[in-house]
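Letter by letter, the sequence shown follows residues 0 to 229 of numbering that gives the first Met the number 0.
Cβ atoms here follow ideal geometry from the backbone N, Cα and C, with glycine treated the same way.
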Amino acid sequence: MKKNVYRFKTLKVIELSVFIILEVIFLIILLTNKTMKSSIFVDKSLFTLCSVMYATIILSLSFLIYDFIKLRELKIQSHQLENLAYLDSKTGIPNRTSCSMFFDTHGSKDSLNGICCMVSEISNIKAINETNGKDVGDKVIRDFSNILESSAKDFGFVGRNGGNEFVTVIEKCTDEKLASFCKLLSNGIEEYNRHEPVSITVRSESVLFDKEEVSSFSELIAQAYKKLGR
């Protein structure tokens, strides 16, 4: 769809350029050719021809402006469709499809060097749903997603890999870098619990590729899920 939008935009820019050039040529001829300038108001046929040409150019420009407006709407719709395809509708963070696409970028063993994979879950989400209702549970999931995304913005990728499953991937990770991220995440959760009526508890497990006997990303994330008890 992006390619079609780009082609349409290119075509309309070319059309607009052509009409602007024609408009400029028309005005130059009209202003510099004294004979034509004086004849326009004498010769009715010439006056009619010039009027029709000018009206055609103006009308065409109007249609082009309309096309550019529709193009803008098309780009907005395209962006919205992309969001529907790759962002989780409930939380706004990358969804399972986006997670899978990101995981595929680490298909080779060399690309896994320095990779840390962390999986997290809200351990009391079931109790929250039962006690406060699903709407509150959904809000908690959204709020935790925001905390996770904010904490990881300088560290790596985050996504919702299912209902109560969240994945964080940190590239070029060290023990110190992982500890810094975990500290930020923990602080964010503590701050949230101080101000919200419903507190959340989060369980997370992480694995570093350099410390695991695995050969693929799927095995690495499986190790993280295994440590989490999934």
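In the assembly as shown, Phe46 is an exposed residue. Its beta-carbon has fewer than 16 other beta-carbons within 10 Å.
One thing to note: Ser205 has its Cβ within 8 angstroms of the Cβ of Cys116. The beta carbon of Leu177 sits closer than 7 angstroms to those of Cys115, Ile169, Ser205, all from its chain and outside the five residues before and after it, given in chain order. Boundaries of the alpha helix (DSSP H) harbouring Gly187: 174-194, taken from the DSSP string.
As DSSP reads the structure, Arg159 sits in a beta bridge with Phe165.
The alpha carbon of Ala126 has as its nearest neighbour, out of Val197, Thr34, Lys171, Ile220, the alpha carbon of Val197. Pairing Ser119 with Arg193 gives a Cβ-Cβ distance that is not under 8 angstroms. Residue range 133-151 is occupied by the alpha helix (DSSP H) that includes Val139. Non-local C-beta neighbours of Asn128 in its own chain, meaning closer than 8 angstroms and more than five positions away in sequence, comprise Val135, Gly136, ordered along the chain. Inclusion of Leu111 and Phe216 in the CB contact set at 8 angstroms is warranted, their separation being smaller than that value.
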